[in-house]
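S.K.: Line by line, the protein sequences give chains A and B.
Counting in the working numbering, the first sequence runs from 1 upward without gaps.
Counting in the working numbering, the second sequence runs from 426 upward without gaps.
Number of protein chains: 2
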Amino acid sequence: MRTLALAVPEHLDKEVEVSGWVHRIRELGQVNFVLLRDRSGMVQLVFNEKIDFTPESVLTVKGVAKANAKAPGGAEIHPTEVKVLARADLNLPVQVNQDPDKYPLEVLFDYRHLSLRMPKLRAIFQLQSSLLKYLSDFMRADGFFEIKSTKLVGTGAEGGTGLFSVDYFENKVYLAQSPQLYKQTMVSSGLERVFEISHAYRAEKHDTPRHINEYVSFDVEMAFIESDQDLMAFEARLLDYVFTQVGLHNAAELEAWGASVPPPGAMLKAPIVGYDEAKDIIAKETGKKVFDINPEGERALSDWALKEHGVDLVYLNDWPRKKRAWYSYPSLDGTRTLSFDLIFRGLEITSGSRRINEYAMLQDALPKFGITEESLGFYPQIFRYGCPPHGGFAIGVERLTQKILGLDNVKEASLFPRDRKRITP
Amino acid sequence: MRTLALAVPEHLDKEVEVSGWVHRIRELGQVNFVLLRDRSGMVQLVFNEKIDFTPESVLTVKGVAKANAKAPGGAEIHPTEVKVLARADLNLPVQVNQDPDKYPLEVLFDYRHLSLRMPKLRAIFQLQSSLLKYLSDFMRADGFFEIKSTKLVGTGAEGGTGLFSVDYFENKVYLAQSPQLYKQTMVSSGLERVFEISHAYRAEKHDTPRHINEYVSFDVEMAFIESDQDLMAFEARLLDYVFTQVGLHNAAELEAWGASVPPPGAMLKAPIVGYDEAKDIIAKETGKKVFDINPEGERALSDWALKEHGVDLVYLNDWPRKKRAWYSYPSLDGTRTLSFDLIFRGLEITSGSRRINEYAMLQDALPKFGITEESLGFYPQIFRYGCPPHGGFAIGVERLTQKILGLDNVKEASLFPRDRKRITP
Chain A
1 MRTLALAVPE HLDKEVEVSG WVHRIRELGQ VNFVLLRDRS GMVQLVFNEK
51 IDFTPESVLT VKGVAKANAK APGGAEIHPT EVKVLARADL NLPVQVNQDP
101 DKYPLEVLFD YRHLSLRMPK LRAIFQLQSS LLKYLSDFMR ADGFFEIKST
151 KLVGTGAEGG TGLFSVDYFE NKVYLAQSPQ LYKQTMVSSG LERVFEISHA
201 YRAEKHDTPR HINEYVSFDV EMAFIESDQD LMAFEARLLD YVFTQVGLHN
251 AAELEAWGAS VPPPGAMLKA PIVGYDEAKD IIAKETGKKV FDINPEGERA
301 LSDWALKEHG VDLVYLNDWP RKKRAWYSYP SLDGTRTLSF DLIFRGLEIT
351 SGSRRINEYA MLQDALPKFG ITEESLGFYP QIFRYGCPPH GGFAIGVERL
401 TQKILGLDNV KEASLFPRDR KRITP
Chain B
426 MRTLALAVPE HLDKEVEVSG WVHRIRELGQ VNFVLLRDRS GMVQLVFNEK
476 IDFTPESVLT VKGVAKANAK APGGAEIHPT EVKVLARADL NLPVQVNQDP
526 DKYPLEVLFD YRHLSLRMPK LRAIFQLQSS LLKYLSDFMR ADGFFEIKST
576 KLVGTGAEGG TGLFSVDYFE NKVYLAQSPQ LYKQTMVSSG LERVFEISHA
626 YRAEKHDTPR HINEYVSFDV EMAFIESDQD LMAFEARLLD YVFTQVGLHN
676 AAELEAWGAS VPPPGAMLKA PIVGYDEAKD IIAKETGKKV FDINPEGERA
726 LSDWALKEHG VDLVYLNDWP RKKRAWYSYP SLDGTRTLSF DLIFRGLEIT
776 SGSRRINEYA MLQDALPKFG ITEESLGFYP QIFRYGCPPH GGFAIGVERL
826 TQKILGLDNV KEASLFPRDR KRITP
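Structure representation (structure tokens):
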């Protein structure tokens, strides 16, 4: 019966069996120390004989747990039986027991099977796993259904640019940029409140610390809302829950990165700033003329929110129509949209809006964006048979992970990142 | 403040507000009845005036809830205010208030935005949403991490056939057939126990009620197992939990299809039958010579399990090596594998195995299957640096949904199915 490394101190003076990887070997001659690593943490093994296995080999060890204040966790094992389950080559291309900062990102990605063994890097994906849970739990408790929509589509939600094409038997289809059209279809189909966590694809050529070409999108769509205000209020409750849960249950992962989450309630204090007002704030903060809200502007706005409202979170709404997707619901005068972004620690992590839900309004909107009804396939039909007012938003899961832990590059929050050049491992 | 249809009987003689779709209009002259449908169910509205909206239009209605034993749920609303939020065209290509059996499957798929409004079809995806929750909940409670691995791969786990190709900038990549190589990588990388729920793709040309080209795969991989016995025991506990939860919380969806789940404990009684023994049983049951275990054989085996063990579940293991994937761990004599299938109500819903975890064994195995080490990219490297014994399995989410509800065709369990010819909606 296996005991996890973290639980060894609970079994003092008893026989335990542990399994894991050899993290570090320290040979002092008479007495030799081995640090064994498993998914829970580390435990020290104390040998009197010579060590005949290599670092990163996999062992199952039986022995007696003994108290030792100097050992990690306050306990160590004096082995009586050692089984080498898998022997590691001596030449490790990445030293697992070193700090990941010693290696360029590209090396960490090239040797993902080794670099992910580094406890600090593993912590990223332990946190991400928790985020998927917290996000889903909140949605379900609020009456949302989880959907899985197709990723093989005839057209892009954003109008045909930035799509990867797929040879599909005799046809050409595209990888979905987002489940936008499908989640709206599900609202119209009577599920009313849906969420989806799936991969999304953007064939964008830029290579920045903010972009990856394949990412995990957490998508929300809900019926019977009136405006973007309803959506922002909902997302505030959602992220308040997520941040609170992370604070309660992911202390180890936060500590590995010296990170912290916004405290409970912070999300509910995020200011909502209109587009024009935001430009004024950015101009004042940066001392520069502002034509457009670019990444630098988002950071300035975030700094302002922290200074003025004590939270590193700010909603940006009232966007001009031509800066937003064609499906965004226009303001009464037609120049603005009921749409918003959420900026968290200087990075946009959410984009959302009420959507056009009337067929006539859609027909009016499409030509303004140079889009034909035909190019959207089945989609315009969903508005002809009773589509309630609705809206939604999406959160990039890697970006959320990145900003919680303070990672420099969003690719670090992807297990196997895909960018312009990287298609392996 | 909106009240859901199902909750109206809790508000007798009080004013309520409901929102939903006009499911049915019954005009009797003096008094007219409207059945309003929302995600929770239906509520009857009673009007004295003429009805001026069409079926499937979306309404928000205020009125007083009154007891009426003859109304669905025992209550009805006498409206004081009706707002038509979205008007539906009169000519519905699919009548939502009819039985879906009246329409060919292809019509139901063509008009998915309407057919999914049929309560019976919606029930499929309400159940599926619950399945995703139960599966995840069990895994997390057992210490598994949820991962999201890339779907853009350089090679296929099954050796290069049946892959859809993607134009990825200057490169050609493929849509992953399964997360097989990546979930193994994560085990080797120290997460030890992982699961993933993501899309998977098979470019197979056959069009059967058992196949779709894009499906949702629930994948499990775990370290420190010894054989397929550990995996079968684990899956039995998992599915016992899932079936029990469905029985407790999804009575409405089961009822819509006249379906039931195996009772608590049934999964733990599923017999384990070796490949040769299974052939004998099938021969005896069908009275035919058996060369191979085909779909007909799986059904016969399932019938036998029901007859002999009282459960419509049977594990089939001890598969000959050449019938299984190259990564399956061979038996001691090299002719068999530590692999298994799970057959549920006559259909294979799971395939699993212990995997080869030693580099030398992999090098020995690949030529037997005509696969070169180079064609597998990074994958062989994960075995060089300490990869523990491990194994896993996958459950097709659509197949599980199908067999629980008794759907004829697996495509019915996919929101937007993709087959050889269908790429819309």
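From the three backbone atoms N, C-alpha and C, an ideal C-beta is built for every residue, glycine too.
Computed from a predicted model, the values in this text were never measured in an experiment.
With 16 as the cutoff for other CB atoms within 10 Å, does A/Gly396 come out buried or exposed?
M.R.: Looking up residue 396 of chain A in the first sequence gives position 396. Its Cβ being crowded by 16 or more others within 10 Å, A/Gly396 is buried.
S.K.: So the candidates are A/Ile197, A/Met222 and A/Ile124; which of them puts its Cα closest to the Cα of A/Ala259?
M.R.: In the first sequence, residue 259 of chain A corresponds to position 259, counting from 1. The candidate whose alpha carbon is nearest that of A/Ala259 is A/Ile124.
S.K.: When you compare the CB positions of B/Pro604 and B/Glu621, do they come within less than 7 Å of one another, or not?
M.R.: Taking the first residue of the second sequence as position 1, residue 604 of chain B is located at position 179. Taking the first residue of the second sequence as position 1, residue 621 of chain B is located at position 196. Their beta carbons are under 7 Å apart, which means B/Pro604 touches B/Glu621 by this criterion.
S.K.: Below 7 Å on C-beta distance, what does B/Asn719 contact in chain A?
M.R.: Residue mapping note: residue 719 of chain B aligns to position 294 of the second sequence, counting from 1. What B/Asn719 touches in chain A: nothing, since even the nearest Cβ is about 25 Å away.
S.K.: List the endpoints of the continuous alpha helix (DSSP H) containing B/Phe659.
M.R.: Indexing the second sequence from 1 puts residue 659 of chain B at position 234. Per DSSP, B/Phe659 belongs to the alpha helix (DSSP H) from Asp653 to His674.
S.K.: Rounded to a whole number of angstroms, what is the C-alpha to C-alpha distance between B/Pro518 and A/Arg122?
M.R.: For the purposes of this step, residue 518 of chain B is taken as residue 93 along the second sequence, with counting starting at 1. For the purposes of this step, residue 122 of chain A is taken as residue 122 along the first sequence, with counting starting at 1. B/Pro518 and A/Arg122: Cα-Cα distance of roughly 52 Å.
S.K.: At what residues does the alpha helix (DSSP H) containing A/Gly396 begin and finish?
M.R.: If you number the first sequence from 1, residue 396 of chain A lands on position 396. No alpha helix (DSSP H) holds A/Gly396; the beta strand (DSSP E) holding it covers His390 to Gly396.
S.K.: Does the CB of B/Thr428 have a neighbour CB from chain A at under 7 Å?
M.R.: Within the second sequence, the letter at position 3 stands for residue 428 of chain B. False, the Cβ-Cβ gap to chain A never drops below 7 Å.
S.K.: Tell me whether B/Gly466 counts as near the ligand GDP, meaning its Cβ is closer than 6 Å to at least one heavy atom of that ligand.
M.R.: With respect to the ligand GDP, the structure offers nothing, as it holds no ligand at all.
S.K.: DSSP puts A/Arg24 in a beta bridge; with which residues?
M.R.: Locating residue 24 of chain A in the first sequence gives position 24, counting from the first residue. Answer by DSSP bridge pairing, in chain order: A/Leu35.
S.K.: Restricting to runs no shorter than 4 residues, where is the alpha helix (DSSP H) found entirely within the region 666-747 of chain B?
M.R.: The qualifying runs are 676-681, 700-711 and 720-734.
S.K.: With DSSP as the reference, please indicate the residues paired to A/Ile343 in a beta bridge.
M.R.: Here residue 343 of chain A corresponds to residue number 343 of the first sequence, with the count starting at 1. Answer is A/Val314 and A/Glu348, bridged to A/Ile343.
S.K.: Whole angstroms is fine: what's the gap from A/Ser57's alpha carbon to A/Ser19's?
M.R.: Reading the first sequence from its first residue, position 57 is the one you call residue 57 of chain A. Reading the first sequence from its first residue, position 19 is the one you call residue 19 of chain A. Between A/Ser57 and A/Ser19, the C-alpha separation is close to 11 Å.
S.K.: Can you give me the C-alpha to C-alpha distance between A/Pro264 and A/Gly29, rounded to a whole angstrom?
M.R.: The count along the first sequence starts at 1 and reaches residue 264 of chain A at position 264. The count along the first sequence starts at 1 and reaches residue 29 of chain A at position 29. Answer to the nearest angstrom: the Cα atoms are 52 Å apart.
S.K.: Go through its chain and collect everything with a Cβ distance to A/Val173's Cβ below 8 Å, but skip five positions before and after it.
M.R.: Residue 173 of chain A sits at position 173 when you count from the first residue of the first sequence. These residues qualify, in order along the chain: Leu152, Val153, Gly154, Ser165 and Val166.
S.K.: So if I threshold CB-CB distances at 8 Å, which residues from the region 344-370 of chain A count as touching chain B?
M.R.: Here the close residues are Asn357 and Glu358.
S.K.: With 16 as the cutoff for other CB atoms within 10 Å, does A/Ala141 come out buried or exposed?
M.R.: To locate residue 141 of chain A, count along the first sequence from 1; it is residue 141. A/Ala141 comes out exposed.
S.K.: Any beta carbon from chain A within less than 7 Å of B/Glu474's own beta carbon?
M.R.: Your numbering for residue 474 of chain B matches position 49 in the second sequence. No, B/Glu474 does not count as interfacial toward chain A.
S.K.: Whole beta strand (DSSP E) runs in the region 132-207 of chain A with 3 or more residues, listed along the chain?
M.R.: Complete beta strand (DSSP E) runs here, min 3: 165-168, 171-175 and 193-201.
S.K.: Which residue from A/Ile272, A/Ala300, A/Leu12 and A/Pro72 puts its Cα closest to that of A/Ile282?
M.R.: Translated into the one-based positions of the first sequence, residue 282 of chain A becomes position 282. Among A/Ile272, A/Ala300, A/Leu12 and A/Pro72, the Cα nearest to that of A/Ile282 belongs to A/Ala300.
S.K.: Which chain B residues sit within Cβ distance under 8 Å of A/Arg384?
M.R.: Within the first sequence, residue 384 of chain A is the residue found at index 384, counting from 1. Here the neighbours are Ala513 and Asp514.
S.K.: Between A/Tyr215 and B/Lys713, what straight-line distance do the alpha-carbon atoms span, to the nearest angstrom?
M.R.: On the first sequence, residue 215 of chain A is found 215 positions in, with the first residue counted as 1. On the second sequence, residue 713 of chain B is found 288 positions in, with the first residue counted as 1. Whole-angstrom Cα-Cα distance: 51 Å.
S.K.: Along the chain, where does the beta strand (DSSP E) that runs through A/Phe218 open and close?
M.R.: In the first sequence, residue 218 of chain A corresponds to position 218, counting from 1. A/Phe218 -> beta strand (DSSP E) spans Glu214 to Ala223.
S.K.: Give the range of the alpha helix (DSSP H) segment to which A/Glu106 is assigned.
M.R.: Taking the first sequence and counting its residues from 1, the one referred to as residue 106 of chain A is at position 106. From DSSP, the alpha helix (DSSP H) with A/Glu106 extends over Leu105 to Asp110.
S.K.: Which of helix, strand or coil does DSSP assign to B/Gly811?
M.R.: In the second sequence, residue 811 of chain B corresponds to position 386, counting from 1. B/Gly811 falls in the coil class under three-state DSSP.
S.K.: Between the Cα of A/Pro119 and those of B/Leu664, B/Asp644 and B/Ser614, spot the shortest distance and give me the residue it belongs to.
M.R.: Within the first sequence, the letter at position 119 stands for residue 119 of chain A. Among B/Leu664, B/Asp644 and B/Ser614, the Cα nearest to that of A/Pro119 is on B/Ser614.
S.K.: May I ask which residues mark the beginning and end of the alpha helix (DSSP H) holding A/Met361?
M.R.: Locating residue 361 of chain A in the first sequence gives position 361, where the first residue counts as 1. Looking at the DSSP string, the run of the alpha helix (DSSP H) that includes A/Met361 is Tyr359 to Lys368.
S.K.: Closer than 8 Å, Cβ to any Cβ of chain B: which residues of the region 160-177 of chain A, in chain order?
M.R.: Correct list: Phe164, Ser165, Val166, Asp167, Tyr168, Phe169, Asn171, Val173 and Leu175.
S.K.: When you compare each of B/Asp766, B/Leu693, B/Asp701 and B/Lys709 to B/Ala819 by their alpha carbons, which one comes out closest?
M.R.: Taking the second sequence and counting its residues from 1, one reaches residue 819 of chain B at position 394. Looking at the Cα atoms, B/Asp766 is the closest of the given residues.
S.K.: Tell me whether A/Lys120 sits in a helix, a strand or coil according to DSSP, three-state version.
M.R.: Along the first sequence, one-based indexing puts residue 120 of chain A at 120. Reduced to three states, the DSSP call for A/Lys120 is helix.
S.K.: Looking at the secondary structure, which residues open and close the beta strand (DSSP E) in which B/Lys487 lies?
M.R.: Residue 487 of chain B sits at position 62 when you count from the first residue of the second sequence. Counting along the chain, the beta strand (DSSP E) containing B/Lys487 begins and ends at Val483 to Ala492.
S.K.: Please name the residue in A/His23, A/Glu285, A/Ile349 and A/Glu49 whose C-alpha comes closest to that of A/Arg37.
M.R.: Walking along the first sequence from the start, residue 37 of chain A turns up at place 37. For the residues A/His23, A/Glu285, A/Ile349 and A/Glu49, the minimum Cα distance to A/Arg37 belongs to A/His23.
S.K.: Using 10 angstroms around the beta-carbon of A/Val31, count the other beta-carbons present and answer buried if the total reaches 16, otherwise exposed.
M.R.: Position 31 of the first sequence holds residue 31 of chain A. Its Cβ having fewer than 16 others within 10 Å, A/Val31 is exposed.
S.K.: Return the bridge partner residues of A/Phe47 from the DSSP annotation.
M.R.: Start at 1 with the first residue of the first sequence, and residue 47 of chain A comes out as number 47. DSSP, once it has assigned bridges, lists A/Asn32 as partnering A/Phe47.
S.K.: Determine the direct distance from the alpha carbon of A/Leu175 to that of A/Thr161, and round the result to whole angstroms.
M.R.: Counting from 1 along the first sequence, the entry for residue 161 of chain A is found at position 161. Counting from 1 along the first sequence, the entry for residue 175 of chain A is found at position 175. Looking at the two C-alpha atoms, the distance is approximately 12 Å.
S.K.: Rank B/Pro805, B/Ser652, B/Phe769 and B/Gly488 by C-alpha distance to the C-alpha of B/Ser778 and give the top, closest one.
M.R.: Numbered from 1 along the second sequence, position 353 holds the residue referred to as residue 778 of chain B. Of the candidates B/Pro805, B/Ser652, B/Phe769 and B/Gly488, the one whose C-alpha sits nearest the C-alpha of B/Ser778 is B/Ser652.
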